[in-house]
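The sequence shown begins at 43 in the working numbering and counts up one residue at a time.
Backbone N, C-alpha and C fix where the C-beta goes; we use that ideal spot for every residue, glycine too.
These notes are about the structure you will find just below.
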Amino acid sequence: MESSSEVYEMSDAALISFLLKMFAEHFIKMCANDIQWGNLLGDVVMEIGFGAELSCCKAILKLFPHVKILIEVNEEMTAFRRRTIRDRRVGFHIGSILNRFVYYH
43 MESSSEVYEM SDAALISFLL KMFAEHFIKM CANDIQWGNL LGDVVMEIGF
93 GAELSCCKAI LKLFPHVKIL IEVNEEMTAF RRRTIRDRRV GFHIGSILNR
143 FVYYH
C-alpha cells in the first residue's frame, strides 16, 4: 500500500537554501509584527548585509509585494556577483555603516 506522504531528497545545498528561506520569512514576519510595519505600501525599505542567498530580500518582496523600493546594502562585492533577483524595485549598493561609506553603481 502506498503512503500518502512522499519522501523528498535534497542535496545539502538545496536543504541549506530551503532552511535559509524559511528562517528569513519567519524573521521578516517577526520583525513586521514586533515593529508594526503595516503593509509597507509605497514605502522605501533598506536592508543591510543581505548575504549571498538574498533570503531576507526575497522574503520582503514575497510578504510585502507593494513595497516601493528595496535598497540592499552589503560591504562585500562578492555578494553582488551572486545576486539572483531581477526586480526593478531592488537596488544593490556596496557600503558599510561602520566605515561610513557607500558606493552607488
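message: Is it buried or exposed, M43, if we count other Cβ atoms within 10 angstroms and call 16 or more buried?
response: Reliability fails at M43, whose pLDDT of 48 lies under 50, so the model's placement of it is uncertain and no value is given.
task: Compare the C-alpha of I102 against each of S53, I58, L83 and name the closest.
output: It is L83 whose Cα lies nearest to the Cα of I102.
message: Can you check which of these residues, T126, F106, V132, is closest to V115 by C-alpha distance?
response: Closest by alpha carbon: V132.
message: Between which two residues does the beta strand (DSSP E) holding L112 run?
response: First-last of the beta strand (DSSP E) with L112: 111-116.
field: Cβ neighbours of C99 in the same chain (closer than 7 Å, five flanking residues each side left out)
entry: So the list reads E89, F92, L112, E114, I127, V132, once near-sequence residues are dropped.
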